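S.K.:
Now the structure itself:
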């Protein structure tokens, strides 16, 4: 049971990180006048700091979740893509749900969050507060 839970946790975190990478990705259609003409997009997902400027994302997670796997993936992403993840803990249960709903309503939500994917998630009005990233051309990075 623990192994299955860990796999589910790791898979869910990878999906959230995929959303994170998509949210931070640039628009390929817009080019600036300072473009050097060197187009290395698609050659590699890794690069120098100049190619991947330091980015910090915040991640809201309940304090009852085992975060060892999540922190390991976040450390790997920081190393490869120069994206730092700051974890913010919230209480579980009804109190945590109220915090999430309040922060969404006030616009003070973190960049990423760990939440129930069932009926509790539907109560958050996903079409208003979340972005569907399925089918995006940016998914090749992961």
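In UniProt numbering, the protein residues as written are 1 to 142.
Ideal placement from N, C-alpha and C gives every residue a C-beta, glycine not left out.
On a predicted model such as this, the values are computed, not experimentally measured, just so you know.
1. So, for residue 64: in the same chain, excluding its five sequence neighbours on each side, which residues have a beta-carbon less than 8 Å away from its beta-carbon?
2. Verify whether the separation of the beta carbon atoms of residue 60 and residue 103 is less than 9 Å.
3. Can you look up residue 97 in the DSSP assignment and give me helix, strand or coil?
4. According to DSSP, residue 78 sits in a beta bridge with which residue or residues?
5. Verify whether the separation of the beta carbon atoms of residue 54 and residue 84 is less than 9 Å.
6. So residue 87 is in the beta strand (DSSP E); what residue range does that whole segment cover?
7. Sort 118, 111 and 124 by Cα distance to residue 98 and report the nearest one.
8. Measure the beta-carbon distance from residue 121 to residue 129 and round it to whole angstroms, keeping in mind my assumption that it falls under 8 Å.
9. From what residue to what residue does the alpha helix (DSSP H) around residue 120 run?
10. Can you have a look at residue 75 and say buried or exposed, based on whether 16 or more other CB atoms are within 10 angstroms of its CB?
11. Below 9 Å between beta carbons: does that hold for residue 9 and residue 107?
12. Which residue or residues does DSSP assign as beta-bridge partners of residue 61?
13. Between the C-alpha atoms of residue 81 and residue 94, what's the straight-line distance to the nearest angstrom?
14. Could you check how far apart the C-beta atoms of residue 62 and residue 96 are, in whole angstroms? I think they sit under 8 Å.
M.R.: In short, the structure shows the following:
1. Here residue 64 refers to the residue found at position 64 when the chain shown is read from its first residue. So the list reads 92, once near-sequence residues are dropped.
2. Locating residue 60 in the chain shown gives position 60, counting from the first residue. Locating residue 103 in the chain shown gives position 103, counting from the first residue. Yes, these two residues count as a Cβ contact at 9 Å.
3. By one-based count along the chain shown, residue 97 stands at place 97. Here residue 97 sits in helix by DSSP.
4. One-based indexing of the chain shown puts residue 78 at position 78. Note: residue 78 sits in no beta bridge, so no partner.
5. Position 54 of the chain shown, counted from the start, is the residue given in the question as residue 54. Position 84 of the chain shown, counted from the start, is the residue given in the question as residue 84. In contact: residue 54 and residue 84 (Cβ atoms closer than 9 Å).
6. As a working note, residue 87 is residue 87 in the chain shown. 83 to 90 is the span of the beta strand (DSSP E), which, as asked, contains residue 87.
7. As a first step, residue 98 must be located in the chain shown, where it is residue number 98. It is 124 whose Cα lies nearest to the Cα of residue 98.
8. Taking the chain shown and counting its residues from 1, the one referred to as residue 121 is at position 121. Taking the chain shown and counting its residues from 1, the one referred to as residue 129 is at position 129. Contact flag wrong, Cβ pair sits at about 10 Å.
9. Here residue 120 refers to the residue found at position 120 when the chain shown is read from its first residue. From DSSP, the alpha helix (DSSP H) with residue 120 extends over 119 to 122.
10. Counted from its first residue, the chain shown places residue 75 at position 75. Looking at its Cβ environment, which holds fewer than 16 other Cβ atoms inside 10 Å, residue 75 is exposed.
11. Reading the chain shown from its first residue, position 9 is the one you call residue 9. Reading the chain shown from its first residue, position 107 is the one you call residue 107. Against a cut-off of 9 Å, the Cβ pair of residue 107 and residue 9 comes out as no contact.
12. The residue you call residue 61 lines up with position 61 of the chain shown. BP columns for residue 61 point to 89.
13. The residue labelled residue 81 in the question sits at position 81 within the chain shown. The residue labelled residue 94 in the question sits at position 94 within the chain shown. Going from the Cα of residue 81 to the Cα of residue 94 covers about 35 Å.
14. Sequence index remark: in the chain shown, residue 62 carries index 62 (1-based). Sequence index remark: in the chain shown, residue 96 carries index 96 (1-based). Their Cβ separation, rounded to whole angstroms, is 5 Å, which keeps residue 62 and residue 96 in contact under 8 Å.
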